[in-house]
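Read through the structure below, which is laid out as structure tokens, and then see the notes.
Take a look at the structure:
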């Protein structure tokens, strides 16, 4: 049921409901808002009409005392949903967006970039606010942050209760805070942990069903190991464990007459040719950082569109049924002459259908099978990661297709970027923005008008 | 254990000398050493800093592990410096006090306006974006206008309606006719966003708003402590009888306590207050400690308090 609130001054915790409303609470009940709660007097009034409440635009009016508003830190101008569970009255949903530690950045202006997530706000209602881990007052169970005031379409500062569900949007929070938030919400903070590339590879190696989709990978140790790896697989890609978006990459291709190195570590791409192993050793001696948190991986011969390799970003998200769904797929085609596919390096985006059509000269049914293989590989990877002791609900999975059309797992990002979708397919982009909000409302214990 | 002081890139030597000359008198044998350094000399991979040790008899250049408590007295203008500072903000096991020292006043005013207890210190404010030309001041009203970012008093413009419609010149710290102030702002090279504060009749001194800059610092148990106040434009001016500067100090303390809820990293600051003719204090600016504080004000009796607060706040953060 949807409600709007009128605040009446009063020094007692009181909630006034329409006389005709059929609920089993008399005189006193427990009112819950986010993780805050308090006992309140329940009164009935024949002056309140028992009408409406069926949707956001038609809420039923209730009266609530200013004491209760202050105690529970309710933003009374918001339209909420209300639930009656035995002697409990639950008002919500109360959803938190956990941002990073940079508190001075989180202004109403900064928060505008989150506003496009509110296209489905009327399906969830309630209090949605953003906060930094540094602005949590654990002692008083309150959080200082910014909430989205739907009525005037602005982010406004305020003081809020600990939310019932949290969508984690940044990964620099202190471990201790994350642990406390997980405990406080009963595990209802999703994207609760970010793993690195190497963790993913170790995880996949333990899973027989996924292992065959993982290119051979090792952590770089010394020249001897790297050389042995190159001799074994031929072409390799060296990737920093803790960087993304194509930063810090170096590709070495073995040729009959030596080695070709394509180095993306600086802004300008450096290409050099090395005649023999001795000079390759010199290269590694001069570039010791390639042994500092780097992975060496077989460099796959990728499928190409118009001569340029591409990879596939699959956005997997949990829906309100708590099932993984594919919310969007984009193919990122490398810029001409480039070997890496990141759009930030000058590449461009294509739909999967278009990319498959242009790179594989096969029947439509074959292409459909390729799409299915990609989808099931991603579902299996998500389900496998779900078995870890963390709460995941959103991944950007990078898949590569080799020239045979076989999918390979390249990376799974817990904090993916959707920029490519914004330009390529705005409806898909919005769907990706909305799904976690709907999931968060579901976690907070409220229904959503699911489309 | 060493306490860190992060200074601007060009200020390490100067701050080291000033702080050394003051702090060496107060250091007890239980106090931690203090090292001054810049972002240029932080090795994030090795978690080390090279800087100037200021808490012993002589200044020493040292290389020490990255301190777990760092007081940021710097302004970072280069992207490389900002990157290092952000890394410190994110680092587990490091407490950086004052992530920044130059604040967006629009953001600060929005914070203040969200709280019933302190919003009475706020005058009506409006943002003007040069690129959008989205605000036009009303011709009959008085304003203070200033760039949204920072707290430079030299950029504060007082403007009031023109009493002589034939003249372009009116009284004020800058002279503008009717709405032409936005034309002046458009032409200035300084910042894109400007704030307009709609003011009542305020206390002026030689046509400049009287501003009381109130310096504060966190002390033990994370509590705010008053350090010093100074009047602008003339520190020696006679304060009008109806202005109670003690009230202004209390207002500044109320304000920083509220702002601090949203910006918990702040550990030292100043707040600028202006005054209505009736003597009521209103918020103008929030800033980190300015160079005038270090170069002039710190030389008197507050230096001991300033030092002791650094030591006790460091101990508080370590203990919590």
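Chains as they are written, first to last, in our numbering: chain A, 1 to 451; chain B, 1001 to 1320. Glycine included, C-beta positions come from ideal geometry on N, C-alpha and C. Since we're looking at a predicted model, the values are computed, not measured.
- When the five nearest sequence neighbours on each side are left out, the beta carbons in the same chain lying within less than 7 Å of the beta carbon of residue 1146 of chain B are those of 1155, 1156, 1157, 1194 and 1195, in order along the chain.
- Its chain contains 317, 319 and 327 as the residues whose beta carbon lies nearer than 7 Å to that of residue 435 of chain A, once the 5 sequence neighbours on both sides are disregarded; these appear in chain order.
- The beta-carbon of residue 1126 of chain B is placed no less than 7 Å from the nearest beta-carbon of chain A.
- When CB distances to chain B are screened at a threshold of 8 Å, not a single residue of the segment 223-254 of chain A falls below it.
- Contact annotation: residue 1228 of chain B and residue 1284 of chain B have beta-carbon atoms that are not nearer than 7 Å.
- Collapsing the DSSP output to three states places residue 36 of chain A in a strand.
- Here the C-alpha atom of residue 95 of chain A lies approximately 46 Å from the C-alpha atom of residue 1304 of chain B.
- Ranked by Cα distance from residue 297 of chain A, the options A:51, A:181 and A:220 are led by A:220.
- Interface with chain B (7 Å Cβ-Cβ cutoff): residue 327 of chain A is excluded.
- Counted as a single uninterrupted DSSP element, the beta strand (DSSP E) harbouring residue 155 of chain A occupies residues 154-161.
- Of all alpha-carbon atoms in B:1002, B:1134, B:1023 and B:1081, the one lying nearest the alpha-carbon of residue 1038 of chain B is that of B:1081.
- Residue 387 of chain A sits in coil when the DSSP states are folded into three classes, being neither helix nor strand.
- Per DSSP, the beta bridge partners of residue 65 of chain A are A:8.
- For residue 1107 of chain B, the neighbours in chain A by C-beta distance under 7 Å run, in chain order, 107.
- In the same chain as residue 112 of chain A, and ignoring 5 residues on each side of it, no C-beta atom comes closer than 6 Å to its own.
- At a cut-off of 7 Å, the C-beta of residue 157 of chain A has a neighbouring C-beta in chain B.
- CA-to-CA, the gap between residue 1132 of chain B and residue 329 of chain A works out to about 37 Å.
- Put simply, the CB of residue 103 of chain A is near chain B, with a gap under 7 Å to one of its CB atoms.
- Contact between residue 124 of chain A and residue 88 of chain A does not hold, since the beta-carbon distance rounds to 20 Å and is not under 8 Å.
- DSSP places residue 1107 of chain B in the helix class (H, G or I) of the three-state scheme.
- Residue pairing by DSSP places residue 194 of chain A opposite no residue, since no beta bridge is assigned to it.
- Excluding the 5 residues flanking it on each side, residue 1128 of chain B has same chain C-beta neighbours closer than 8 Å at 1134, 1135, 1145, 1182, 1185, 1193, 1194, 1195 and 1196, in chain order.
- When Cβ-Cβ separations below 7 Å define contact, residue 1047 of chain B makes no contact with chain A.
- The beta carbon of residue 1262 of chain B sits closer than 7 Å to some beta carbon of chain A.
- Where residue 355 of chain A is concerned, the enclosing alpha helix (DSSP H) starts and stops at 352-359.
- For residue 424 of chain A, same chain residues with a beta-carbon under 8 Å away, outside a window of 5 residues either side, are 330, 349, 350 and 351 in chain order.
- Judged by DSSP in its simplified three-state form, residue 225 of chain A adopts helix.
- Annotation: the continuous beta strand (DSSP E) that includes residue 1065 of chain B extends over 1060-1065.
- Per DSSP, the beta bridge partners of residue 1231 of chain B are B:1212.
- Interface flag for residue 134 of chain A against chain B is set, since a Cβ pair is found closer than 7 Å.
- Around the beta carbon of residue 38 of chain A, fewer than 16 other beta carbons sit within 10 angstroms, so the residue counts as exposed.
- Looking from the CA of residue 133 of chain A, the closest CA among A:392, A:97 and A:375 belongs to A:97.
- Counting C-beta pairs closer than 8 Å gives three or more between the segment 7-27 of chain A and the segment 55-74 of chain A, which meets the contact rule.
- With fewer than 16 other Cβ atoms from the protein chains shown falling within 10 Å of its own Cβ, residue 266 of chain A counts as exposed.
- Residue 1315 of chain B and residue 1022 of chain B have their C-alpha atoms spaced approximately 20 Å apart.
- If you look at residue 73 of chain A, you'll find it isn't in any alpha helix (DSSP H); DSSP assigns it neither H nor E.
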